[in-house]
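Residue numbers for the sequence shown follow my numbering, so the first one is 131 and each next one is one higher. Have a look at the structure below, then the notes.
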Amino acid sequence: MHNKIDLDKIDINVKPPTEEPARQYYFMAKCREWVREFEQKNGHCPCFFIQTFGCQMNAHDSEKLRGILLQAGLTEEKSEACDFVLYNTCTVRDNANQKVYGHLGYLQTLKKKNPHMKIALCGCMMQENTAVERIRKSYPFVDLIFGTHNIFKLAELFYVCQTSGPMVVDVWESGDAAVEKLPSRRKYAFKSGINIMYGCNNFCSYCIVPYVRGRERSREPEEILSEIRALACDGVKEIMLLGQNVNSYGKTLKNPVSFAWLLRQAAQVAGIERIRFMTSHPKDLSDELIEAMRDCPKVCRHLHLPLQSGSSRILKIMNRRYTKEQYLELVGKIRQAIPDISLTTDIIVGFPGETEEDFLETLDVVEKVRYDSAFTFVYSKRAGTPAAVMENQVPEAVVKERFDRLLRQVQQIASQVCMRDAGAIQQVLVECENDHQKGYVSGRLGNNLLVHFPGEASLIGKLVSVKLTEAKGFYYIGRMTEKD
Ligand code: 5AD
Ligand code: SF4
Numbered sequence: 131m132h133n134k135i136d137l138d139k140i141d142i143n144v145k146p147p148t149e150e151p152a153r154q155y156y157f158m159a160k161c162r163e164w165v166r167e168f169e170q171k172n173g174h175c176p177c178f179f180i181q182t183f184g185c186q187m188n189a190h191d192s193e194k195l196r197g198i199l200l201q202a203g204l205t206e207e208k209s210e211a212c213d214f215v216l217y218n219t220c221t222v223r224d225n226a227n228q229k230v231y232g233h234l235g236y237l238q239t240l241k242k243k244n245p246h247m248k249i250a251l252c253g254c255m256m257q258e259n260t261a262v263e264r265i266r267k268s269y270p271f272v273d274l275i276f277g278t279h280n281i282f283k284l285a286e287l288f289y290v291c292q293t294s295g296p297m298v299v300d301v302w303e304s305g306d307a308a309v310e311k312l313p314s315r316r317k318y319a320f321k322s323g324i325n326i327m328y329g330c331n332n333f334c335s336y337c338i339v340p341y342v343r344g345r346e347r348s349r350e351p352e353e354i355l356s357e358i359r360a361l362a363c364d365g366v367k368e369i370m371l372l373g374q375n376v377n378s379y380g381k382t383l384k385n386p387v388s389f390a391w392l393l394r395q396a397a398q399v400a401g402i403e404r405i406r407f408m409t410s411h412p413k414d415l416s417d418e419l420i421e422a423m424r425d426c427p428k429v430c431r432h433l434h435l436p437l438q439s440g441s442s443r444i445l446k447i448m449n450r451r452y453t454k455e456q457y458l459e460l461v462g463k464i465r466q467a468i469p470d471i472s473l474t475t476d477i478i479v480g481f482p483g484e485t486e487e488d489f490l491e492t493l494d495v496v497e498k499v500r501y502d503s504a505f506t507f508v509y510s511k512r513a514g515t516p517a518a519v520m521e522n523q524v525p526e527a528v529v530k531e532r533f534d535r536l537l538r539q540v541q542q543i544a545s546q547v548c549m550r551d552a553g554a555i556q557q558v559l560v561e562c563e564n565d566h567q568k569g570y571v572s573g574r575l576g577n578n579l580l581v582h583f584p585g586e587a588s589l590i591g592k593l594v595s596v597k598l599t600e601a602k603g604f605y606y607i608g609r610m611t612e613k614d
């Protein structure tokens, strides 16, 4: 999805333009010339591999990175054994960082076998000085580092990295103007993420996101809606509106609008059949949004509503700005308006100072809300966040024991809740052929659960009615049927 710009018509013998995105198209054309030369010299087209760590935002960023490299003439491979390896990193918890360091050792051995190989790192982890310094010192074979604010510059950085010697590092402190209208290559033809805002202003005391993704910036609604219309023309049926806190969308625009308004506008785009969004902060979830969800059948009956902790005392120290009671009240209001809603959540175990009583409050909320699923995380100390310097960090063994208890409870409830639609007929968006059973396809319900049923590849990308015949715990087996 991008401006149809003919790269062959760009004069690459003049100086690069200074304005964007023209500058990046100029460098894509330069890269194409470099690709042709590489091919003549080495007898094969240079290939790339992108590995994404972390959340949906990163996955969507990777689609943009992929689009740029394909436009520049490279081919995509399914493994790291290729000429350009790009890791789009995450730093929300320390284990994400450790995974990257672990992979780098492996990349070094591959690089020894392939003298053309270049290694690039981008994304949230690269916004941390300490990580970049460690890579400079201990992993000098890395060729390119850039951050979250300048991913649009990949063509230029790729070109510079291929034509210069030492490690290229280009990390920006902030980025007010995200450059849109560049190539992107979706993983699925029929569904797509769309950034509606960037960054976060909430500063939950454990979270590094506001430091690495910067201040909250909303995109203009017209820009978003024209992107949605273009996606619909391109065959997209399902969209996911993306932001760290979509409920505060539009508040800082020159002409402020609400997220609920945007949702209603998006629902009017012909061809779009399903709308999802991620992530909602409970403190900003308005009645207006609940009403919009209730009124628009295209909006999936699914809400991801991060709890983090069930203890009002801990929530206060986390700077979440709601109490246990307010959260439960909100859930009650949502369920009253939309009884068939699926609720999912994020929970952190072992935040500094969390006592057994605090933890029991979390279990109590899980018991009361009965989530369809919950992402459970062990608290991870992130340097530079207020929580990192809090005293009374919880001992590892205590955290592990609590984490296991929470997981057991979440799974037990989820296995009951998820299967409540057994026997019903529901709409499924077919995603792929089933890997395990020949003659079956797999797709997703509105609440994101997987359904496998007999069908052919020609169904991929279509919304079909499926009777959910067998409940299997966290997925269904079904059979295609007439609509109810
Ligand atoms: N430790 C553990 N989990 C965290 N999250 C964010 N920061 C941390 C941290 N320091 C979790 C939150 C958030 C999700 C994306 O990641 O639950 O909702
Ligand atoms: Fe992090 Fe809180 Fe912002 Fe979510 S809302 S990204 S948890 S600071």
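Backbone N, C-alpha and C fix where the C-beta goes; we use that ideal spot for every residue, glycine too. Given the structure is predicted, the values throughout are model-derived calculations rather than measurements.
Contacting residues, own chain, Cβ-Cβ under 6 angstroms from residue i (five flanking each side not counted)
| i | result |
| --- | --- |
| I265 | V272 |
| V560 | V571, G573, L589, I590 and K592 |
| F489 | R532 |
| L598 | D551, A552, A554, Y606 and G608 |
| K367 | F320 and E403 |
| R316 | E193 and S322 |
Buried versus exposed call for residue i [16 or more other C-beta atoms within 10 Å across all chains shown]
| i | result |
| --- | --- |
| K568 | exposed |
| V144 | exposed |
| F505 | exposed |
| G576 | buried |
| C441 | Residue identity check: residue 441 is Ser in the sequence provided, not Cys. By the neighbour-count rule (16 or more Cβ atoms within 10 Å), S441 is buried. |
| E612 | exposed |
| P386 | exposed |
| G401 | exposed |
| Q192 | Contrary to the premise, residue 192 reads as Ser rather than Gln in this sequence. When all chains shown are included, S192 counts as buried. |
| A587 | exposed |
| V479 | buried |
| T515 | buried |
| R406 | buried |
| S416 | exposed |
| P151 | buried |
| R538 | exposed |
| C254 | buried |
| V519 | exposed |
| A422 | buried |
Range of the contiguous beta strand (DSSP E) that encloses residue i
| i | result |
| --- | --- |
| Y570 | Y570 to R574 |
| P584 | L580 to P584 |
| S595 | L593 to A601 |
| C175 | Neither: C175 is in no beta strand (DSSP E) and is coded neither H nor E. |
| A504 | S503 to V508 |
| G608 | Y605 to M610 |
| V479 | S472 to V479 |
| L433 | H432 to H434 |
Residues of its chain near residue i, where Cβ-Cβ distance is below 7 angstroms and the 5 sequence neighbours each way are ignored
| i | result |
| --- | --- |
| I96 | Residue 96 cannot be examined here, being either before or after the span of the chain that is shown, 131 to 614. |
| F339 | The question names Phe, but residue 339 in the sequence shown is Val. Excluding positions up to five away in sequence, the list reads V222, C330 and Q374. |
| G431 | In the sequence as presented, Gly is not what sits at residue 431; that position holds Arg. Contacts found: I468, D470, I471, S472, G576 and N577. |
| W302 | G277, H279 and N280 |
| F333 | P340 and N449 |
| L372 | Q186, M187, H190, G323, I324, N325, I326 and M408 |
Chain-order list of residues whose beta-carbon lies under 8 angstroms from that of residue i (same chain, five-residue window excluded)
| i | result |
| --- | --- |
| N564 | Y570, V571, S572 and H582 |
| I420 | K463, I464, A467 and I468 |
| D224 | S510, K511 and R512 |
| P412 | L435, P436, L437, R450, Y452, Q456, Y457 and L460 |
Where the alpha helix (DSSP H) containing residue i begins and where it ends
| i | result |
| --- | --- |
| K242 | D224 to K243 |
| N218 | First-last for N218: F214 to T219, but that is the beta strand (DSSP E), not the alpha helix (DSSP H). |
| L493 | E486 to V499 |
| Q395 | F389 to A397 |
| M423 | D417 to D425 |
| V290 | L284 to T293 |
| Q466 | K454 to A467 |
| P340 | V339 to R343 |
| R451 | Here R451 belongs to no alpha helix (DSSP H), and DSSP marks it neither H nor E. |
Beta-bridge pairing of residue i - partner residues as DSSP gives them
| i | result |
| --- | --- |
| K321 | E368 |
| S545 | Note: S545 sits in no beta bridge, so no partner. |
| Y379 | DSSP, once it has assigned bridges, lists no residue as partnering Y379. |
| R406 | M370 |
| I275 | L251 and V299 |
| T205 | C177 |
| M327 | S348 |
| L559 | R574 and L593 |
| T182 | N218 |
| Q438 | I477 |
Residue i at chain C interface by Cβ criterion, 9 angstroms
| i | result |
| --- | --- |
| Y570 | The chain inventory of the structure shown lacks chain C, comprising one protein chain alone. |
### Query
Quick check: the segment 283-295 against the segment 152-160, are there 3 or more CB pairs under 8 angstroms?
yes
### Query
Would you say the segment 172-183 touches the segment 217-232, given that touching needs at least three Cβ pairs under 8 angstroms?
yes
#### Entry: Segment contact flag, the segment 345-358 with the segment 317-333, C-beta cutoff 8 angstroms, min 3 pairs
yes
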